[in-house]
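**Q** Residue numbering for the sequence shown follows my numbering, beginning at 280 and increasing consecutively. Quick reminder that beta carbons are idealized off the backbone N, C-alpha and C, glycines included. First the structure, then my questions, so here it is.
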Amino acid sequence: MVPATLDELVSGGVPLRFDAEIEVPVTFALMARPGTELADVRRVLSHPHAHGQCHHWLASRLPGAEVRLAASTAAAAREVAESPSPGARYDAAIAAPVVAARYGLSVLASGIGERWDAVTRFVSVRGAGPWPVRTGRDRTSIVVTADGAHSGALVDILAEFSTRGVGLTWIQSWPTGAALGSYHFFLDLDGHVEEAAVGDALMALRRRSVEVCFLGSYPYVGTTRPATGDPLAPDPPGTTPEAWLHSLREGAPAPGP
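Printed below as a string of structure tokens:
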């Protein structure tokens, strides 16, 4: 999740609707001004997310390099390209390979991220209005604001979906700033607002006097999620819930997966 995006969604003041989602493959490269060799790199600039994806590569290939953080990977590449003096500039940036050509940089190493299958999920937004029609492969996004004085608020919210068989694919808490313990909850649900179960769950939240911001129903991308299996299947030997809890209380490693 990107904090600035969540802030804008809850405090931007302009009603928005999600009408599509897009998954973009994530690849990272180390890039520098032409003529720079890998052995010359002493200071690296990048965004925190990119650094988190590439820190193992940096530790093994550039163990002595100083890493500083930038507002974005594109901003890091631009600063490396435009730094006015050798004494004040960064030697290299971590960014998407396509950024190198934009700022006239040379790629020193590519594919340096931790995961080859990483993707970033984006949503397409527009002004308030009708949502996309139901397709049968849909996701609904909402923001629920819970009362910080109610200790079971999140449990009550989730129960409205579980009792109706509505699956949740993403939950993210975000402080409201109004009081300690007061949160917005970003929820992604399986299904479309026109489906009975989804609509009933949303109405149930309103009956609880919970503030609900509807962000949209839209087709999702990717493959259908696999079934999770029988939740009541017997536990393997030595991995019963009782054994697991006992190990936690005793401070011993929990048995089993």
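#1: Please go through the same chain and pick out, in chain order, the residues whose beta-carbon is closer than 8 angstroms to the beta-carbon of residue 484, but skip the five residues on each side of it.
#2: Please confirm whether residue 421 and residue 494 have their CB atoms less than 9 angstroms apart.
#3: Determine the DSSP secondary structure at residue 362, reduced to helix, strand or coil.
#4: Which residue comes first and which comes last in the beta strand (DSSP E) that contains residue 406?
#5: Pull up the distance between the alpha-carbon of residue 409 and that of residue 297, whole angstroms please.
#6: From the DSSP secondary-structure annotation, give me the bridge partner or partners of residue 439.
#7: With a threshold of 8 angstroms on Cβ separation, who are the neighbours of residue 447 within its own chain once the five nearest residues in sequence on each side are excluded?
#8: What three-state label does DSSP hand residue 395 in the structure shown?
#9: Using DSSP with H/G/I as helix, E/B as strand and the rest coil, what is residue 449?
#10: Does the distance from the CB of residue 457 to the CB of residue 389 come in under 9 angstroms?
#11: Between residue 335 and residue 481, what straight-line distance do the alpha-carbon atoms span, to the nearest angstrom?
#12: DSSP state of residue 473, grouped into three classes?
#13: Tell me, to the nearest whole angstrom, how far the beta carbon of residue 378 is from that of residue 356; I am working on the premise that it is less than 8 angstroms.
**A** Concretely, from the data shown:
#1: 423, 436, 439 and 491
#2: yes
#3: coil
#4: 398-406
#5: 10 angstroms
#6: In DSSP, residue 439 forms no bridge with anything.
#7: 437, 440, 466, 467, 468 and 469
#8: coil
#9: strand
#10: no
#11: 43 angstroms
#12: coil
#13: 5 angstroms
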